[in-house]
Structures are given as structure tokens and as C-alpha cells.
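Inspection log for the structure reproduced underneath, given as C-alpha cells.
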Amino acid sequence: MLTDVEIAQSAKMKPIVEIAQKVGLDEDDLELYGKYKAKISLEAIKKLDQNEDGKLILVTAINPTPAGEGKTTTMIGLSQALNKLGKKSVVAMREPSLGPCFGIKGGAAGGGYAQVVPMEDINLHFTGDIHAITAANNLIAAMLDNSIHQGNPLNIDVRQIVWKRVVDLNDRALRHTVCGLGGKVNGVPREDGFDITVASEVMAILCLATSLEDLKQRAAKMIVAYTYDGKPVTVDDIEATGAVTLLLKDAIKPNLVQTLDHTPVFVHGGPFANIAHGCNSVMATQLAVKLGDYAITEAGFGADLGAEKFLDIKCRQANLNPEAVVIVATVRALKMHGGVAKKDLGNENLEALKAGLGNLEKHIENIAKFDLPCVVAINAFPTDTEAELQLLNECCKKLGVEVAISKVWEKGADGGIELAEKLLNILETKGANYHPLYDLDLPIETKIETIVKEIYGGDGVEFTKKAKNKIKKYTEQGLSQLPICVAKTQYSLSDQASLLGRPTGFTVKINDIIPSAGAGFLVAISGDIMRMPGLPKRPAAVNMDIDEDGKIIGLF
4 MLTDVEIAQS AKMKPIVEIA QKVGLDEDDL ELYGKYKAKI SLEAIKKLDQ
54 NEDGKLILVT AINPTPAGEG KTTTMIGLSQ ALNKLGKKSV VAMREPSLGP
104 CFGIKGGAAG GGYAQVVPME DINLHFTGDI HAITAANNLI AAMLDNSIHQ
154 GNPLNIDVRQ IVWKRVVDLN DRALRHTVCG LGGKVNGVPR EDGFDITVAS
204 EVMAILCLAT SLEDLKQRAA KMIVAYTYDG KPVTVDDIEA TGAVTLLLKD
254 AIKPNLVQTL DHTPVFVHGG PFANIAHGCN SVMATQLAVK LGDYAITEAG
304 FGADLGAEKF LDIKCRQANL NPEAVVIVAT VRALKMHGGV AKKDLGNENL
354 EALKAGLGNL EKHIENIAKF DLPCVVAINA FPTDTEAELQ LLNECCKKLG
404 VEVAISKVWE KGADGGIELA EKLLNILETK GANYHPLYDL DLPIETKIET
454 IVKEIYGGDG VEFTKKAKNK IKKYTEQGLS QLPICVAKTQ YSLSDQASLL
504 GRPTGFTVKI NDIIPSAGAG FLVAISGDIM RMPGLPKRPA AVNMDIDEDG
554 KIIGLF
């Protein structure tokens with residue numbers, strides 16, 4: 004059996020100019036990055052404003068497990084299948100971070116015969132967007148420390164600096180650092196630390212901006228520190244706004260690539276959904292909506308994280324109106340939610356499947372809270388038995404939800420025809436009336452409690468003293484009307500990774516509240532979530548290599 008990278012390397016790609024022409028773009032609309040990659044110019048984006056909107060479809064999933072769900076693969080295969088049925092479908096998805104690529108998760112360009120290519124480029128440096136975000140973030144950090152070193156004219160309290168440096172790798176040794184050592188000429192000593200680049204607010208503002216000017220305005224508002232009398236210090240205060248925007252002038256432009264069967268794909272922006280808002284850029288999504296009759300997009304991890312943030316933050320800010328949701332699940336993952344060890348997932352176990360089905364049921368119920376129709380996509384594995392698939396089918400039907408078997412990893416577009424047809428059916432027969440879960444005028448505590456009770460199924464929220472003080476502070480600063488971005492474990496509906504399935508009787512502990520004033524939301528930190536991951540005992544990087552001809556091996 005061929006690996007993902009071997010399948011991708013054997014693909015016959017079309018020149019990206021031809022892919023652009025399929026959706027009505029010409030070569031003058033593109034900024035070419037070689038033969039098979041291009042950015043869309045800002046001028047081209049502006050002239051598409053008058054295009055009629057296509058239907059926006061969100062692909063999400065159950066809570067992820069080490070057994071794998073295949074959400075990105077399903078999204079890509081679904082779009083391929085729609086095109087095979089004669090529809091005009093375009094994908095908008097996130098671009099991968101080097102952290103999980105070299106760590107444990109693997110690539111983020113799909114898999115099997117439902118992949119986006121050139122796969123190696125997309126999973127590695129691509130067009131340099133994430134590097135530009137890293138540089139912009141660290142320029143802010145450098146200018147902040149320089150302001151303190153040069154007499155501290157803004158009266159910044161070094162104990163209240165909230166802006167961290169970033170690197171796009173998993174590196175636990177950088178979580179907590181000390182900078183400014185070595186004497187007076189080397190700055191002011193203070194505690195510091197690194198986040199992974201995709202957790203930076205710079206990534207968030209890039210993904211939520213609707214134009215270069217909007218990006219500039221968002222950058223100006225980002226809070227980097229506080230003064231001795233508690234007043235916020237922004238990027239504008241340290242006079243870094245123009246330089247930051249300059250570094251992002253190319254990164255803001257969406258990237259165009261293709262699937263194995265030449266479906267157009269916009270790959271742009273990559274915030275994690277467990278520590279950020281988890282959605283690709285608004286500009287890429289709007290491009291897909293304007294250029295396709297069906298725009299297929301995704302949101303990271305399970306529907307409790309990515310989908311909730313897509314619907315409560317991204318769609319609300321960008322005035323997007325999704326028409327339907329696809330929830331991806333696997334028999335294997337649901338059995339793990341039902342208590343089966345990973346090594347035993349190949350064995351039929353109906354009781355465990357029944358026990359794990361609660362996780363899927365909860366996500367189906369949650370999507371209904373936004374008044375959106377959904378279809379369940381069962382990403383099939385060879386070990387799935389007929390009895391297990393039948394049980395899953397019966398469960399979905401009892402809940403009044405369509406279910407389709409997806410075999411896009413194995414068969415590409417042909418494996419997604421059933422899913423595509425059922426999606427088209429619900430789009431025609433079931434109306435969507437999208438609305439966010441909560442009103443922005445509610446107090447910060449109430450918004451967090453609403454998410455915990457309605458989406459996670461928890462009994463309530465425990466706020467630490469630190470979190471309570473932050474809530475009071477941000478309310479006084481006029482930030483209470485922002486939506487909430489909860490940072491929590493992706494593995495459970497709760498804030499405890501070990502509570503699989505559909506846990507009940509739990510409370511969620513909020514340890515801290517972090518303002519993302521430029522992005523336009525407040526981040527509520529729950530449990531022991533960290534914004535800088537570490538590498539596993541045996542990182543994926545140890546299996547990677549490149550031969551003398553430049554051929555990459557071991558990349559999934």
C-alpha cells in the first residue's frame with residue numbers, strides 16, 4: 004500500500020494557472036510561487052465582491068482520538084465528489100504548522116486519494132505565511148523590550164508583559180524563559196516565554212481580517228503589556244503597527260493549490276482550535292464562497308472546539324452564513340470513546356460502540372443549537388464490520404440525521420459520492436437559519452457558562468481568583484462584549500482529556516482570561532492547556548529524510 008507522500012509524489016498536477024481558470028481567475032489575478040502554487044492578488048479579491056455567494060458547508064468531527072477521524076481527508080474528498088457530480092465546488096482549509104508535522108499529528112493536507120498537492124510544500128514551508136507571522140510577532144516583542152530598555156517612556160510594568168515570542172515548532176524548553184541577561188547593554192532582565200506561532204494573536208488577526216487595512220487596524224489594537232497603573236499598552240503604543248503590517252503584506256493573500264483530481268483549494272492560515280479559534284482565513288473562505296457554488300471548509304478538532312468557534316466567532320465577525328454541517332466520525336474512534344484500547348480497535352465490539360455513540364450524539368445536538376442541518380460522514384476503515392456500521396446508521400436515523408459511508412481515502416471522489424448526494428439532499432430539503440449560540444451583550448461569565456453548559460454538557464464553571472480579577476479588569480476596559488474563545492483539551496467534551504465519550508456531572512475550571520483585542524475575542528484558558536506543545540518520545544521528524552535527488556521520504 005502506498006503512503007500518502009508516495010501517492011502525492013505520483014500525482015500529475017496541472018499548472019496552477021489552469022486551476023485558477025476553472026473558477027474564473029486569470030493569470031493576472033495570480034502571484035505565482037512556481038508552477039503549482041499561487042497567491043491571489045488583493046486587486047482580484049476586490050473585484051469578486053459582486054459575485055453571487057455559493058453555499059458554505061462546514062466539515063467538523065467528533066472529539067479526536069489517536070485512532071484518527073480523517074476530517075480534512077473527508078472535506079477534500081467531499082469537494083472532489085461534488086465536482087464529479089457536475090457541481091462547482093471549492094475548498095478553503097488551514098495550512099499546516101511545522102510543530103505537529105515534525106511532532107506526532109502528521110500532515111494536514113488530507114490523505115490517500117483525497118489530498119491537496121504539492122503535499123510536501125504545503126506541509127513544510129509552503130509560501131512562507133507562517134514565517135511572516137513569526138517575524139511580525141517577534142518584531143513586536145523586540146520593539147516592546149527596546150522601549151523598556153530605552154528609558155521605558157510608556158511606563159511599562161515588566162511584571163505585566165503579556166506578549167510572548169513565538170516559534171513554529173514544538174519545543175517545551177521554551178515555554179518559560181528569562182531574557183535580558185548579560186548586563187545593562189543587553190536589555191532589562193525579565194521572565195518571558197515562547198508560544199507556538201499558530202497560537203499567536205498575529206495568526207488570529209491574519210485569519211479574521213477582511214482586507215489589508217482591516218489587518219492594520221487589528222494589529223494596532225493588540226495588547227502587549229500593561230503600565231504600572233494598569234493601563235493596556237498596544238502595538239500602536241510601541242509604534243510597531245506599520246512595520247507589522249508591512250511584514251504581513253504578502254501573507255494576507257490566500258494561497259491557491261489543487262487536489263489530486265484538480266479541485267481548486269485555498270490553503271490559508273492555521274490557528275489551532277484547542278488554543279486559538281481554529282479556522283482558516285476569512286479571506287480564503289470568502290474567495291471560495293464567491294468562486295464556487297459550494298464552498299467546503301473545516302474547523303479544527305471536534306465540533307465542541309472548531310465548529311463552535313467557527314459559528315460563534317468567525318461567522319459572526321465576517322457575516323458568513325453556513326448552510327449545512329458535516330460531522331465526521333469513525334467506528335474506531337467511537338469504540339475508543341466507549342472504552343476500548345487502541346490495540347483492540349480492530350475487533351468488533353458493539354457494546355463499546357454503543358457506549359461511545361454518546362459523543363457523536365452530543366455533537367449532533369450541538370449543531371442543531373445553531374439551527375443548521377447536518378449529515379454524518381462515517382470515515383470507513385477495513386476493520387469496520389457490517390454490524391457496527393448498521394448500529395451507527397440506526398443511531399443517526401433515530402436522531403433524524405442522514406448518515407453516509409465515506410471511502411475517500413481509498414477511492415478519492417468515487418468514495419465520496421454517497422456523502423455528496425446526501426449533503427445535496429439536505430441542502431434542498433432542510434432549511435438553515437444560522438445564528439450564534441449566545442448574545443454578545445451577556446456578561447463574560449455568562450458567555451463562558453453558556454458554552455460549557457450548552458456545548459460541553461457541563462454542570463457549570465469554576466473561575467479561579469486570577470480569572471475573576473481578569474474578568475473584572477476587561478469589563479472595566481470595555482472588552483466584555485467580545486465573543487469567547489475557550490482554550491481546552493481537544494480529546495474530551497470536558498476540560499479533562501481522560502473523560503472520553505459523553506461525560507456528565509463535571510465542571511470546567513477557567514484559570515485565566517487573555518484578551519485578543521485585535522482578533523476581537525477573549526481567550527478563556529481551561530484545565531492544563533498549554534500554548535507551546537512538546538515533542539513525543541519519538542518525534543515524526545526522526546523518520547524523515549531527503550535523498551540526493553531531492554525526493555522526500557518519511558513525510559507520512
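In this text, residue positions in the sequence shown follow the working numbering: the first is 4, and each later residue adds one. The beta-carbon is built from N, C-alpha and C at its ideal position, and this holds for glycine as well.
Among 244, 305, 334 and 175, nearest to residue 221 - alpha-carbon criterion
244
### Message
With H, G and I counted as helix, E and B as strand and the rest as coil, what does DSSP make of residue 79?
### Response
helix
Exercise. In whole angstroms, what separates the C-alpha of residue 254 from that of residue 137?
Worked result: 11 Å
(Q) Taking its Cβ as the centre, do 16 or more other Cβ atoms sit within 10 Å of residue 192, making it buried, or is it exposed? (A) exposed
Using 8 Å for Cβ pairs, my map puts residue 317 next to residue 323. What's the rounded Cβ distance? 7 Å
Could you check if residue 520 belongs to the surroundings of the ligand COA, using beta carbon to heavy atom distance under 6 Å? With respect to small molecules bound, the structure shown includes none, and the ligand COA cannot be examined in it.
* Beta-carbon contacts of residue 206 that lie in its chain and below 6 Å, excluding the five residues immediately before and after -> 136 and 274
Item to check | Cutoff 7 Å; reference residue 353; Cβ partners in own chain excluding five residues on either side | outcome: 390, 391 and 394
Hey, how far is the Cα of residue 450 from the Cα of residue 487? 7 Å
| How many Å lie between residue 482 and residue 141 at the Cα? | 25 Å
Exercise for review: Kindly indicate the opening and closing residues of the alpha helix (DSSP H) around residue 335.
Suggested key: 334-340
* Please say whether residue 378 and residue 425 have beta carbons closer to each other than 7 Å? => yes
Query raised in the report: From the DSSP output, which residues share a beta bridge with residue 548?
Result: 556
Query - Under the three-state DSSP convention, the category residue 529 falls into - result: strand
Taking 6 Å as the limit between beta carbons, can you name the residues of its chain near residue 334, skipping five residues before and five after?
387 and 391
Helix, strand or coil at residue 509 [DSSP, three-state]: coil
Taking the alpha carbon of residue 359 as the reference point, which residue from 332, 489 and 47 has its own alpha carbon closest? 332
**Prompt:** Under a Cβ-count criterion, where at least 16 other Cβ atoms within 10 Å of its own Cβ denotes burial, should residue 262 be classed as buried or exposed?
**Reply:** buried
Return the first residue and the last residue of the alpha helix (DSSP H) that residue 278 is part of. That residue, residue 278, is in no alpha helix (DSSP H); it is neither H nor E in DSSP.
For residue 152, which residues from the same chain have a beta carbon less than 7 Å from its beta carbon, with the 5 sequence-adjacent residues on both sides left out?
190 and 191
Leaving out five residues on either side along the sequence, give the residues of the same chain with a beta carbon under 7 Å from the beta carbon of residue 484. 443 and 444
Based on the DSSP output, what are the partners of residue 515 in its beta bridges? 528
Taking 8 Å as the limit between beta carbons, can you name the residues of its chain near residue 212, skipping five residues before and five after?
218, 221, 255, 284, 285 and 286
Counting Cβ pairs, one atom from each stretch, are 3 or more of them under 8 Å apart for the region 465-473 and the region 492-504? no
inquiry  = Starting from residue 394, trace the alpha helix (DSSP H) in both directions and tell me its first and last residue.
reply    = 389-401
* With distances taken between CB atoms, is the gap from residue 305 to residue 527 smaller than 7 Å? -> no
Query raised in the report: Using the beta-carbon count (16 or more within 10 Å), is residue 175 buried or exposed?
Result: exposed
Cβ neighbours of residue 70 in the same chain (closer than 7 Å, five flanking residues each side left out): 333, 335, 336, 339, 345 and 348
Requested in this report: Give me the Cα-Cα distance between residue 530 and residue 515, rounded to the nearest whole angstrom.
Outcome: 10 Å
(request) Look up residue 193 in the DSSP assignment and give the residues it is bridged to. (result) 182
Task: Start and end residues, alpha helix (DSSP H) containing residue 7 - done: 7-12
query = Near residue 292, which residues of its chain fall below 7 Å by C-beta distance, leaving aside the five closest residues on each side in sequence?
reply = 56, 57, 59 and 298
(Q) Please report the straight-line C-alpha distance between residue 463 and residue 509, rounded to a whole angstrom. (A) 7 Å
- request: Determine the direct distance from the alpha carbon of residue 489 to that of residue 512, and round the result to whole angstroms.
  value: 11 Å
Q.
Out of 187, 208 and 277, which one is the CA nearest neighbour of residue 238?
A. 208
Rounding to the nearest angstrom, what Cα-Cα distance links residue 434 and residue 375 in this structure? 8 Å
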